[in-house]
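Trainee: For the record, in the sequence shown the residue sitting at position 404 is 493 according to the working numbering, with numbers rising by one throughout.
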Amino acid sequence: MATSRVDGTSNGSVKSKDEEGATPSIFEIDDSDLQRLLEKPRQLNTERKRSFDERSFSEMSITMSPRNNFYKTSEHSSRAFDNLDGVYSPGRWTGTPRSAYFEPHPIVGEAWEALRRSLVNFRGQPVGTIAALDNSSEELNYDQVFVRDFVPSALAFLMNGEPEIVKNFLLKTVFLQSREKKVDNFKLGEGVMPASFKVLHNPVRNTETILADYGESAIGRVAPVDSGFWWIILLRAYTKSTGDTSLAERPEMQRGIRLIMTLCLSEGFDTFPTLLCADGCCMIDRRMGVYGYPIEIQALFFMALRCALYLLKRDCEGNDCIDQIVKRLHALSFHMRSYFWLDIKQLNDIYRYKTEEYSHTAVNKFNVIPDSLPEWVFDFMPTRGGYFIGNVSPAKMDFRWFCLGNCVAILSSLATPEQSSAIMDLIESRWQELVGEMPLKICYPAMESHEWRIVTGCDPKNTSWSYHNGGSWPVLLWLLTAACIKAGRPQIAKRATELAESRLLMDGWPEYYDGKSGRFIGKQARKNQTWSIAGYLVAKMMLEDPSHLGMISLEEDKQMKPQMKRSASC
Ligand code: GLC
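Okay, structure coming up:
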């Protein structure tokens, strides 16, 4: 049995460098080295210049609600959020402006209606939102509730003071996690969370069934590595937003977190603290050359580890898990901040790398051959700015820019404050390439001709500048907005949001746009794609009230060591 079913009685309507080579190897570092590196990573190109954000802070605060003098205090520092971690539940959106200072865009109301139309019920209770409500194209799996797709919907509902659906979703998915899952005869790990699920209605027996997919039905049989991470991140968002700790404290939720942690913290042959993944394991769920250590998964992994640390109870079972998490976080942040980070100085260092170095003192630790540097990266890299590259493994650096991983790195504080600013600088200086006419490029640049054939396996959906291969995905707007606010650069997000709202409703909320600047509605893009709708709403609500950011952002934790309060019985 490859799928999991939950039978029930129906009563609801359901639609079916390390420091310039001076640091020890990763195997030698001790806590003090690490602490030093965490606090002061390799010198970055962060020479400041006034961005359009700084110029327009005062302008922006005029259009914000009174609560939002936040921007004035942020001084480009995420520390302004130290006090925003608390509980805040705003009034519900009713279609009329909530504040005399904030005039909602006319499409906000339409977006809410469309989001509500996408609700999926199980036994009369909303449990998620459908991926897309587009009757004009074949449904395939777009009639399912995807875990990753539901995240922006969930945030929209939380920000609007409607946490019930999020709670239902979290409970339903943790239950699905506990099912036995198999692909052909192969049994998957206990902690695997589904990629998606569907509620089936049997009108004869008047029953409802939940059918979940863990990758065994998915095109290409791809593994949903990101699902468990998003689930933990969402559980923390729910807890932060509502102040209700009782959900996360339930035994099944604690077990759910521990099972996910067990899956990704298990020891193996790895020489790196990053998580080894097959292609198609995340938002990019098709062959796109992201196998290895993709930035999207590493950033989500880091964030999920930190959220788990926040959520796990300090009891016998929790404490063992917490010990492992703390160790991994130290190693992972060092590795990512040192080896995945690219700016002009680092690029120049790689360009001059010597190869075939053996020993702990190697500078070119992964034996990257300078000839493998793609030509485009020399033009793309601005003098000021930087980003986390797509992948790092032996003799391989994927220099492509991936949006989700970089935004999540900022939100989770995997990126240092300097790195966060540098990512923002890069977005500003490469606006045409990354934003163009529709936010936001999923990755840059696109693969073409021979490379496209070899890497994607001639995928006709992922042709150059389309879909996952350099397409523009409106859903990414919420992540950009959250990252911009965290980095103290909201004006960048405001500019991107204005671009999106000039077209999204008119174009029918497409899933993605095609072309170098995102001018065309995607070749095979679904319309009424729920996460395009929800992503826009979340971006708008965060711009209106930046305190919402607290539920999806984590402050830098210099120590990354929780006080271990072991219970007497341990
Ligand atoms: C596509 C996307 C994936 C998304 C799914 C449902 O497969 O690549 O990220 O979850 O559609 O919208």
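Ideal placement from N, C-alpha and C gives every residue a C-beta, glycine not left out. This one's a predicted model, so the numbers in the text were calculated from it and none came from an experiment.
Indicate, with yes or no, if ligand 1 has a heavy atom lying under 7 Å from the CB of D359.
Mentor: Result no, Cβ not under 7 Å from ligand 1.
Trainee: Is the beta carbon of V466 closer than 8 Å to that of Y442?
Mentor: No, they are not a contact pair.
Trainee: Among residues of its own chain, excluding the 5 on either side of E645, which ones have a beta-carbon nearer than 8 Å to its beta-carbon?
Mentor: The answer, listed in chain order, is S167, S502, T505, P506.
Trainee: Reducing DSSP to helix, strand and coil, say where W562 ends up.
Mentor: Coil.
Trainee: How would you label R139, buried or exposed, when you count the other beta carbons within 10 angstroms and need 16 or more for buried?
Mentor: Its pLDDT being 43, under 50, R139 is placed unreliably by the model, and nothing is read from it.
Trainee: Would a C-beta distance cut-off of 8 Å place A571 and S621 closer than the cut-off?
Mentor: No, they are not a contact pair.
Trainee: Pop quiz: F235 and A284 are said to be a contact at Cβ under 8 Å. What is the actual Cβ separation, rounded to whole angstroms?
Mentor: Sure, about 6 Å apart at Cβ, within 8 Å.
Trainee: Hey, how far is the Cα of W201 from the Cα of K256?
Mentor: If you take the alpha carbons of W201 and K256, they lie about 20 Å apart.
Trainee: I need the residues with a C-beta less than 7 Å from some heavy atom of ligand 1; please give them in chain order.
Mentor: Matched residues: A220, A221, N230, Y231, F235, R237, D238, M372, I373, D374, R375, H557, E600, Q618, W620.
Trainee: Which word fits Q266, buried or exposed, when buried means at least 16 other C-beta atoms lie within 10 angstroms of its C-beta?
Mentor: With 16 or more other Cβ atoms within 10 Å, it is buried.
Trainee: Going straight from the alpha carbon of Q435 to that of V497, what length do you get?
Mentor: Going from the Cα of Q435 to the Cα of V497 covers about 22 Å.
Trainee: On the DSSP letters alone, give me the boundaries of the beta strand (DSSP E) that H290 sits inside.
Mentor: Its beta strand (DSSP E) spans residues 285-291.
Trainee: If we require 4 or more residues per run, which alpha helix (DSSP H) segments fall completely within the segment 362-444?
Mentor: The qualifying runs are 384-400, 405-424, 433-440.
Trainee: Please determine, among T331, I531, K612, the residue with the shortest C-alpha to C-alpha distance to N249.
Mentor: Among T331, I531, K612, the Cα nearest to that of N249 belongs to T331.
Trainee: Is the distance from the Cβ of P579 to the Cβ of S518 below 8 Å?
Mentor: Cβ atoms of P579 and S518: not closer than 8 Å.
Trainee: Can you tell me whether DSSP reads R268 as helix, strand or coil?
Mentor: The answer is coil: DSSP assigns R268 none of H, G, I, E or B.
Trainee: Nearest CA to the CA of E406: which residue from Y533, Y601, R608, M342?
Mentor: E406 has its Cα closest to that of M342, out of Y533, Y601, R608, M342.
Trainee: Does the beta-carbon of M595 have 16 or more other beta-carbons within 10 angstroms, so that it is buried, or is it exposed?
Mentor: Classification of M595: exposed, given that the 10 Å Cβ count is below 16.
Trainee: Determine contact between the segment 554-565 and the segment 598-614, defined as no fewer than three beta-carbon pairs at a distance below 8 Å.
Mentor: With the cut-off at 8 Å, the segment 554-565 and the segment 598-614 touch.
Trainee: Under 8 Å between the Cβ atoms of L244 and R325?
Mentor: Against a cut-off of 8 Å, the Cβ pair of R325 and L244 comes out as no contact.
Trainee: Of all the options P362, P549, A585, which has the alpha carbon lying nearest to the alpha carbon of Q613?
Mentor: Minimum Cα distance to Q613 is reached at P549.
Trainee: Tell me, please, which residues DSSP counts as bridged to M486.
Mentor: Answer is V481, bridged to M486.
Trainee: Are the beta-carbon atoms of I499 and S509 separated by less than 8 Å?
Mentor: Taking 8 Å as the Cβ cut-off, I499 and S509 qualify as a contacting pair.
Trainee: Applying the criterion that 16 or more other CB atoms from any shown protein chain within 10 Å of the CB defines a buried residue, is K647 buried or exposed?
Mentor: So K647 counts as exposed.
Trainee: Can you give the beta carbon distance from G280 to I349, rounded, assuming they're within the 8 Å contact cut?
Mentor: That pair is a contact at about 5 Å.
Trainee: Let me check understanding here. Comparing Cα to Cα, which of W320, V216, L352 lies closest to Q413?
Mentor: Checking every option, the nearest Cα to that of Q413 belongs to L352.
Trainee: Quick one, which of H419, R615, C370, P463 has its alpha-carbon nearest Y533's?
Mentor: Measuring from the Cα of Y533, the nearest candidate turns out to be P463.
Trainee: How is the beta strand (DSSP E) around G624 delimited, first residue to last?
Mentor: First-last for G624: 619-633, but that is the alpha helix (DSSP H), not the beta strand (DSSP E).
Trainee: In the structure shown, what three-state DSSP assignment does A301 receive?
Mentor: Strand.
Trainee: May I ask you to verify whether the segment 219-227 touches the segment 270-277, counting CB pairs closer than 8 Å and requiring at least 3?
Mentor: With the cut-off at 8 Å, the segment 219-227 and the segment 270-277 do not touch.
Trainee: CB-CB under 7 Å to I439, same chain, minus the five flanking residues each way: which ones, in chain order?
Mentor: These residues qualify, in order along the chain: V457, P459, L462.
Trainee: Return helix, strand or coil for N210, following the three-state DSSP convention.
Mentor: N210: strand per DSSP, three-state reduction.
Trainee: Excluding the 5 residues flanking M640 on each side, which residues of the same chain have their C-beta closer than 6 Å to its C-beta?
Mentor: Answer for M640: A326, K329, S330, listed in chain order.
Trainee: Using a Cβ-Cβ cut-off of 7 Å (strictly less than) and excluding sequence neighbours within five positions of L208, which residues of its own chain qualify?
Mentor: Only P215, T218 meet the Cβ criterion.
Trainee: Flag this pair as yes or no: are the beta carbons of R237 and M372 separated by less than 8 Å?
Mentor: Yes; because the gap between Cβ atoms is below 8 Å, this pair is in contact.
Trainee: Should I196 and L593 be called a contact, given that it needs their Cβ atoms to be closer than 8 Å?
Mentor: Cβ distance < 8 Å, so I196 and L593 count as in contact.
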